[in-house]
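The structure appears right after this line, and notes come after that.
Residue numbers (the numbering used here), protein chains in the order written: chain F, 68 to 500; chain R, 68 to 500.
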């Protein structure tokens, strides 16, 4: 039996992979996973295993892992459920170190048979019914989801495979980047604990979203969550009353959400700069939008920064007539991106008066939004405090928000989501004090 | 002075329009509004008023409304603030029946001057700082927002102009259709009450979203809201503590929201078929997604329908092996759109056992989503009870949801938003009993 780190290295960073049950039919898991492994650029040797084909994707097939002469670190299994036990015996005999069982059901006698094979051969197994495994660092995409992005800072652990596919696709459509994706499925062997331990040590991981339906070892999981929370923010997605009850005592530091779209919005804020206090400077081109933000602060750990006269004097020169010189700084709808830039750069000299900036910008002209986008990217390294853009409008705004996110600037197109996300970062800061 | 209905007819359905302060500079309100009036196909005569141009959009300009010989029902004013009082005098002298003041500020002495001119001339005025007026029925788009859709069932009243533009663009990007858009702005004359009275009588209006920041006449407004609520669902968007306190007693029937994206999601459900009870039949291809839905029901007026043995027997033939024959009906990830269709058609025979269907579908293959889309449109007229699709996934799912919405099928890509929307319809039903 290998030690903990070692076995997860075989999963996240294997040197060679066998894909058992490959297919040439688009839409079938055995086709999609093989295709994604090749297209995402896995560097080591791939061994497709098939009784039917001599090659797939121009790569020679073997009839069994036993026919492969080289070592195999990881096997991905997507055969029909009835063949899984036999496949596991062959993997064990071959000395394969780790396996991901993509096929099969979560609630069936299969789970016990997989667990048994895992124990007998000292082979660590994810699944059955695993969403698969993805690691952007290792150029490893052994999931049915075609990922083409360069990755990012969010790690996702999903118990459900079907929902997991939807969650990842939703995340991608929102401009989120994943460092790791892991499907725990039936949890016959590898459970959430060891994954949390591993991911919380990974520098690339900025936050962890975990979908939980069942708890094999509630005490072990809460211990492991508590440990991991010291290093990384974690967001739990669950519909299970039992999971909610068990994790309830931790809810101050551990958001427990029924809505994965909220979990992703919260996880995103941690991919940006750290907020070091609760005082917000609000800059806006719409008093109406700023009022909605003010009305949304109740119950959250955000307060409006009190601005000094010196601060207001210094930015007076940048702002349009009719602006309100107080916090929120309402620059009126005449505020061009250049004016917004002037005010934000001007605020740099008084960075001790606030901890972060919320920019609430209503799109009134799509051409300006493009300029705003460029300006926000340039400002990224010029502002002394974290700046969270909240851009309100239609399709062009959503595109800009998505682009900013993938450029490492957590941005939002909903005021309340941005408030909730900022709050979850501040909450973590306050808990650590 | 005209009676109530009459003056609003001049706003929503004018026979002729003067546009005061037209411009040829794209991005300027005087350009955008004129452009939108022409492009959206207003049928009556348009009289651009300008000191600078002889024509705009190939339409002859006049130097003043006083130079126009024909009657003018409605004037749209977008001149700089300092000219507004003089313009109002000319409109009054001409006998113009209604005016929309698009320019100017909401909190300034202008508001009193506008109110005064309105009283003296018996001319009804929207604004200043009005988002403008849009009526899909009258092919009237006197707003700075280019609308190209055929309209829909949602009426929006917005106090803020800048935020209003963002709200409309957001709504359009989400597939929402508007019957009317009205910017109240500084409310110098026309207030929310008369607009609510008018819109609540309009058959095309299915729900009303109203953005409120200030209350001129709290008692009048609550009376008017109570009256209008008897005919139409209303959703209030506000960040104002005072508005919230004043409307608090009505909150059971009147959702008061800080987040306009939520208000739109709720307003949308009323554009579909009426839900006549609280018993939901949940059909899904993902137990994980169904579990999230179950976990989201707490606190809402939705209960799971109890299905009879006869019901389950009748649909047994349609469903894949491994499906769970209970509510939620988990058809497993093997469920093709054809299987979903079979089950939903099968449920028709037992329509007395449930009041509406929530279909929770995870996209695992974008090709299937297209089929699902077609199928849902075909099913629209075949299902005995309202069916609310909740489609979970990425870009292709969002496109499908948007298309379904514009085809009159309220659909969602967030479970909790769909639950909240269904609840708000059921809540209205229960309140009416």
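Note that beta-carbon positions come from the ideal geometry of N, C-alpha and C, so glycine has one too. Computed from a predicted model, the values in this text were never measured in an experiment.
- Query: Using 7 Å as the limit for Cβ to Cβ distance, is residue 325 of chain F near chain A?
  - Reply: No chain A is present in this structure, whose protein chains are F and R.
- Task: Check each candidate in F:83, F:402 and F:321 and name the one with the smallest Cα separation from residue 333 of chain F.
- Result: F:321
- Message: residue 418 of chain R and residue 447 of chain R - do their beta-carbons sit closer together than 7 Å?
- Response: no
- Task: Could you tell me which of F:355, F:163 and F:499 sits nearest to residue 135 of chain F, measuring between CA atoms?
- Result: F:163
- Message: Cβ closer than 9 Å: which chain R residues qualify as neighbours of residue 465 of chain F?
- Response: 237 and 240
- In the segment 308-371 of chain F, which residue ranges form an unbroken alpha helix (DSSP H) of at least 4 residues, counting only runs that do not cross its ends? 308-314, 327-336 and 354-363
- Task: Starting from the Cα of residue 158 of chain R, find the closest Cα among R:319, R:250 and R:142 and give me that residue.
- Result: R:142
- Item | Under 7 Å by beta carbon: chain F residues contacting residue 460 of chain R | 233, 236 and 237
- Pick helix, strand or coil for residue 109 of chain F, following the three-state DSSP scheme. coil
- Minimum Cβ-Cβ distance from residue 230 of chain F to chain R less than 7 Å: yes
- Start and end of the beta strand (DSSP E) containing residue 247 of chain R? 245-250
- From what residue to what residue does the beta strand (DSSP E) around residue 165 of chain R run? 165-168
- Query: Does any residue of chain R bring its CB to less than 7 Å from the CB of residue 429 of chain F?
  - Reply: yes
- Query: Are the Cβ atoms of residue 181 of chain F and residue 255 of chain F separated by less than 7 Å?
  - Reply: yes
- the segment 201-219 of chain R in contact with the segment 314-328 of chain R per 3-pair CB rule at 8 Å: no
- Nearest residue (CA-CA) to residue 279 of chain F, options F:268, F:466, F:87 and F:301: F:301
- Query: Which one of F:459, F:496 and F:120 has the shortest CA to CA distance from residue 478 of chain F?
  - Reply: F:459
- Using a cut-off of 8 Å between C-beta atoms, extract the partners of residue 362 of chain R located in chain F. 305, 306, 307, 308, 311 and 325
- Item | Exposure of residue 312 of chain F, with buried meaning 16 or more beta-carbon neighbours within 10 Å | exposed
- Query: Could you give the residue range of the beta strand (DSSP E) that holds residue 209 of chain R?
  - Reply: 207-209
- Query: Interface residues of chain F around residue 223 of chain R at Cβ under 7 Å?
  - Reply: Those within 7 Å of residue 223 of chain R in chain F number zero; the least Cβ separation is about 13 Å.
- Message: Going by the DSSP bridge assignment, what does residue 378 of chain R pair with across the sheet?
- Response: According to DSSP, residue 378 of chain R bridges with nothing at all.
- Message: Give me the chain F residues within the contact set of residue 353 of chain R, using Cβ-Cβ distance strictly less than 7 Å, ordered along the chain.
- Response: 227, 229 and 230
- Query: Taking all protein chains shown into account, do 16 or more other C-beta atoms lie within 10 angstroms of the C-beta of residue 93 of chain R, making it buried, or fewer, making it exposed?
  - Reply: exposed
- Query: Cα-Cα, which of F:464, F:432 and F:475 is closest to residue 95 of chain R?
  - Reply: F:432
- Query: Looking at residue 223 of chain F and residue 276 of chain F, is the spacing between their C-beta atoms short of 7 Å?
  - Reply: yes
- Compare the C-alpha of residue 516 of chain F against each of F:105, F:492, F:205 and F:112 and name the closest. No information on residue 516 of chain F is available, as it lies outside the stretch 68 to 500 that chain F covers here.
- Query: Where does residue 71 of chain F land, buried or exposed, given buried means 16+ other C-beta within 10 angstroms?
  - Reply: Residue placement at residue 71 of chain F cannot be trusted, given a pLDDT of 48 that sits under 50; what the coordinates show is reported in the next sentence. Exposed: under 16 other Cβ atoms inside 10 Å.
- Message: So the candidates are R:292, R:397 and R:113; which of them puts its Cα closest to the Cα of residue 125 of chain R?
- Response: R:113
- Message: Since residue 197 of chain F and residue 250 of chain F should fall inside the 8 Å C-beta cutoff, what is the C-beta to C-beta distance between them, to a whole number of angstroms?
- Response: 4 Å
- Query: Are the C-beta of residue 288 of chain F and some C-beta of chain R separated by less than 7 Å?
  - Reply: no
- Query: Cβ of residue 306 of chain R within 7 Å of Cβ of residue 362 of chain F?
  - Reply: yes
- Query: Is residue 266 of chain R helix, strand or coil by DSSP?
  - Reply: helix
- Task: Drop a sphere of 10 angstroms on the beta-carbon of residue 68 of chain F, count the other beta-carbons inside from all chains shown, and report buried for 16 or more, exposed for fewer.
- Result: Low confidence applies to residue 68 of chain F: its pLDDT is 36, below 50, so where it sits in the model is not reliable, and the reading given next is rough at best. Result: exposed.
- Message: Per the DSSP calculation, residue 429 of chain R is bridged to which residue(s)?
- Response: R:459
- Message: With three or more beta-carbon pairs closer than 8 Å as the criterion, would you say the segment 360-377 of chain F touches the segment 257-265 of chain F?
- Response: no
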